[in-house]
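Quick notes on the structure that follows.
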Amino acid sequence: MYQFIARRLLSTIPVLAIVAVLVFLLLRLTPGDPAAILAGDAASPDQIAQIRVGLGLDKPIIVQFGIWASHVLRADLGESFYFKIKVTELIAQRLEPTLALSTLTILIAVLVAVPLGVIAAWRFGGWFDRALMGFSVLGFSIPVFVLAYILIWIVSLKLGWLPVQGYRRIADGFWPFLRHLILPSITLSVIYIALIARVTRASVVEALGEDYIRTARAKGLPESRVLIAHALANAAVPIVTVIGIGVALLIGGVVVTESVYAIPGLGRLTVDAVLARDFPTIQGVILFFSLVYVVVNLLVDLSYVFLDPRIRY
Amino acid sequence: MMSFRKTAVLGAALAALGASFGSAAQDKVLRVVPHSNLAILDPIWTTAYISRNHGYMIYDTLFGTDAKSRIEPQMVDTWNMSKDGKTWTFKLRKGLAFHDGAPVTGEDVVASLKRWGARDTMGQQLMTFVEAMETPAPDTFVLKLKEPCGFVLEALGKPSSNVPFIMPKRVAETDPFKQIDDYTGSGPYIFKKDEFKPGDKAVYVKNTKYVPRNEPASGTAGGKRVYVDRVEFNLALRDAQAQVNALAKGEVDIIERPAFESYAQLKGTKGVELVNRDPLGFQYMCRFNALYPPFDKPAVRRAALAAFNQEAFLKAQVGVKEYYHSCPSMFTCNTPYASTAGSEIMAKSNMKKARELLKASGYDGTPVVIMKPTDLAAIQKLPDVAAQLMRQAGFKVDLQAMDWNTLVSRRAKKDPPAQGGWNMFCTAWVAPDIWSPLNNAALDAKGEKASWFGWPNDPKIEELKTQFARELDLAKRKKLAAEIQAEAFAYGTHAPLGEYINPVAVRKGITGLPVGPGDFYWNVKKN
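Each protein sequence line maps, in turn, to chains X and A.
In terms of this note's numbering, the first sequence opens at residue 1 and continues consecutively.
In terms of this note's numbering, the second sequence opens at residue 1001 and continues consecutively.
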């Protein structure tokens, strides 16, 4: 297995290299001049040209790439054009909110969706199953920002239970930290509850039709044990895969939720950087996201070994 | 019986809670939603208004502009001009000190003015008059001019970007084209660099050693007294509806620029009021690119001017009648140089005349590429109105949607419109940025090499501006400003589209917001 891990980790190098080249070239080929944006509305063309020189954007693309790549090889993602601080520092600042939001969202989603999916499979075709499928369709369909505004209006403005917006770092205290995350996490979790519940239901329904389930029931095992220890355990691989994809997506793409709840996470950083044509930040964040996707996929693959004894690397 | 460990934990928790309440009781925090994201902390390096506002928090200025647009002394105590108008001597008032305790000296002032003069348009013009800057005494500085200059105080007291903020000499000696990284000022607030999180929050604490002037606060002039302990800029809260929700719940105290669509809701929200702290407001304009057809011909530009109807633009963009008004002047209405000179062509929309002018110009049907920013709510409807009016006048229009930063990048390109260039875009200016011929960027008419985007080339405008710069008599300056405007309308540098205000939304109990062309937080009380 160690060889497998080493192989997979080594395979990230060409992946990251290709991503780095593509992102670098795409940014330079698409319209948008960081110098003009930074200079402000009343800047003259001469001032913009001076800023362009200061940022090194007057150099040939190949030279710019060489400079950037040599820094990346030394684990230095460069300095943000826009914020004038190290990109690694920016990512570190924004990582905590995004990780906290993603973790709580997945936690809520798994704790709610997996039991619901198992029960729906157990009562396949019954009212609970149909209700859950109906909820799933609703969960997929409702736009995140609509759900966010509805929850804010009821929970924050009418009932006054939770804050409307903002993020508190865990260092500021656990309760303030949690209070600010509950609504955004619930908002985001709805779509993942719908997704994971459907996948769980489908996987468990399939497992419940297997011979070993009939055997377990024939042995007189309690139904709860049959469902959890036998059906769910054997249906776990697709469920974990979906959860893994969900984690990766959450870390890279919760822009709308972060905007509505004013959470300074990686999603907003990415959008700000793209709008400001902050090349070093965009390049750094996308490289980071690529790494996250690779690592999460690796962890998911490794988890199969523990979930299904037949799988060996 | 409670164990020692449990008692200790409970005690620590209560102590922490007490400390928390104690801290909350002591600190008066003003929570502000600024109009945009603060990223660049050097107000000389960029003209962005948010960086200018950051500058006003931490730096002081030699002169200020009061609520009636008059230049008043701020860091300067006394000053005089020699009889020949070529030597200006300024003495700084007592008690001025930077945040690190060092006194503000003439050397700091000279270094700051040099850096500002290398970047700011008006500063650059002032420097063309300056022969030398001297510091005969620590609290004195002297401007020696080559010839008399009519706008020395106007330049030193200019309220908007780039503002001549005074920095310590060691900071001001930074290359004007590199950003500073030391934010030591002498203003009423101190920037908390350690608490600054880009895209999240910026924090300022009261400068307890600041010595305000005795006069009442007015615009950027007068006594800058601070009545709160901290000001926190919420940089993450940018969704318009989320801002309104946060204000309604009392999680923030001020929204600097509510969306026009939010005003109806804000007016009906308990505990919230709207305050117009910038009566002069902003002016909209559409800018023509004089380099390429069809707007390389003055006659075509004038045809567009004739088609434009300010009321149509304002109604579509602002919508709230009490927040906008037509203004025929290229200089902000209700300021000294405002006039109607040359504006007859835009006095009222005259589509018949527009069609006649366009036909007479020999317009060959070249499409007009108009850039429309889709992400800037304050101006995004202007291009739609312009496109419709121009189509009615007989223009072919190619309305291209893009985000504002793409527009900002593209407008700097001098390529033909078919190859990534452009013909027209619309924008808005805060009043003081356009109230004088010397700082109104749209009236730069030096052509392709030195003008603002659009690159008009009209030596007559430049000659009149030179006369204006040298003139000391206000009446003559007004006359020259009117002539400049008349020539600009005849040439068709740009189309002024009327003016609007954008009142701030505040929690009730927030009082004392200074009136002026920016968002300032001295004099503000939170009850």
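We put the beta carbon where it would ideally sit given N, CA and C, even for glycine.
From a predicted model like this one, the values you see are computed outputs, not experimental measurements.
{"query": "As assigned by DSSP and simplified to three states, the class of E96 (chain X)", "result": "helix"}
{"query": "Beta carbon proximity, A1024 (chain A) to chain X, threshold 7 Å", "result": "At A1024 (chain A), the pLDDT of 43 sits below 50, so the modelled position is not reliable; the number obtained from the coordinates is stated separately. Cβ-Cβ to chain X under 7 Å: no for A1024 (chain A)."}
{"query": "Neighbour flag for F338 (chain X) against chain A, beta carbons, 7 Å", "result": "Because chain X is modelled from 1 through 313, residue 338 (chain X) falls outside the range shown and cannot be assessed."}
{"query": "Distance CB(G1516 (chain A))-CB(T1140 (chain A)) smaller than 7 Å", "result": "no"}
{"query": "Residues of the segment 270-284 of chain X with Cβ closer than 8 Å to any Cβ of chain A, in chain order", "result": "D272, L275, A276, R277"}
{"query": "Integer-rounded CB distance, given that L138 (chain X) should sit under 8 Å from L116 (chain X)", "result": "Incorrect: roughly 14 Å between the Cβ atoms, too far for contact."}
{"query": "Reduced DSSP secondary structure (H/G/I, E/B, other) of K1193 (chain A)", "result": "helix"}
{"query": "Strand pairing of A1428 (chain A), partner residues [DSSP]", "result": "A:Y1284"}
{"query": "Test item: CB-CB of P1514 (chain A) and N1523 (chain A) under 7 Å", "result": "yes"}
{"query": "contact_flag[the segment 1042-1060 of chain A, the segment 35-48 of chain X] where n(CB pairs < 8 Å) is 3 or more", "result": "yes"}
{"query": "Straight-line gap, S1262 (chain A) to S1036 (chain A) (C-alpha atoms, nearest Å)", "result": "17 Å"}
{"query": "Given G1095 (chain A) as reference, the closest of A:T1269, A:L1474, A:D1077 once Cα atoms are compared", "result": "A:D1077"}
{"query": "is_contact[Q1179 (chain A), chain X] using C-beta, thresh 7 Å", "result": "yes"}
{"query": "Residue span of the beta strand (DSSP E) that contains W1522 (chain A), given as start and end", "result": "That residue, W1522 (chain A), is in no beta strand (DSSP E); it is neither H nor E in DSSP."}
{"query": "Residue(s) in a DSSP beta bridge with N1234 (chain A)", "result": "A:K1201"}
{"query": "Where I152 (chain X) meets chain A, residues with beta-carbon distance less than 7 Å", "result": "N1245"}
{"query": "Three CB pairs or more closer than 8 Å across the segment 1493-1509 of chain A and the segment 1322-1334 of chain A", "result": "yes"}
{"query": "Between the CA atoms of E96 (chain X) and T103 (chain X) - distance to the nearest angstrom", "result": "10 Å"}
{"query": "Buried or exposed by the 16-neighbour rule on C-beta atoms within 10 Å, applied to F306 (chain X)", "result": "exposed"}
{"query": "Contact list for the segment 1098-1128 of chain A against chain X, Cβ threshold 8 Å", "result": "R1119, T1121"}
{"query": "L29 (chain X) versus X:D129, X:T105, X:L101, X:P60, residue with shortest Cα-Cα distance", "result": "X:P60"}
{"query": "Minimum Cβ-Cβ distance from G267 (chain X) to chain A less than 7 Å", "result": "no"}
{"query": "Counted within 10 angstroms of its Cβ, other Cβ atoms place F174 (chain X) as buried (16 or more) or exposed", "result": "exposed"}
{"query": "Minimum length 3: unbroken beta strand (DSSP E) runs contained in the segment 1278-1325 of chain A", "result": "1282-1288"}
{"query": "Simplified DSSP assignment, three categories, for Q165 (chain X)", "result": "coil"}
{"query": "Cutoff 7 Å: N1405 (chain A) Cβ touching any chain X Cβ", "result": "yes"}
{"query": "Terminal residues of the alpha helix (DSSP H) in which E1356 (chain A) lies", "result": "1351-1361"}
{"query": "Enclosing alpha helix (DSSP H) for W175 (chain X) [first to last residue]", "result": "174-208"}
{"query": "Cβ pair S1329 (chain A), A1316 (chain A) closer than 7 Å", "result": "no"}
{"query": "Which residues DSSP lists as bridging D1060 (chain A), in chain order", "result": "A:I1166"}
{"query": "Cβ shell of T1511 (chain A) (< 6 Å), same chain only, five flanking positions each side left out", "result": "K1525"}
{"query": "E1147 (chain A) classed as buried or exposed, judged by whether at least 16 other C-beta atoms fall within 10 angstroms", "result": "exposed"}
{"query": "CB of A1431 (chain A) within 7 Å of CB of P1258 (chain A), strictly", "result": "no"}
{"query": "P1168 (chain A) beta carbon less than 7 Å from that of T1184 (chain A)", "result": "yes"}
{"query": "Buried or exposed (CB count within 10 angstroms, at least 16 for buried), Y2 (chain X)", "result": "exposed"}
{"query": "Distance between beta carbons of R201 (chain X) and A109 (chain X), contact taken as under 8 Å", "result": "The Cβ separation is near 14 Å, so there is no contact."}
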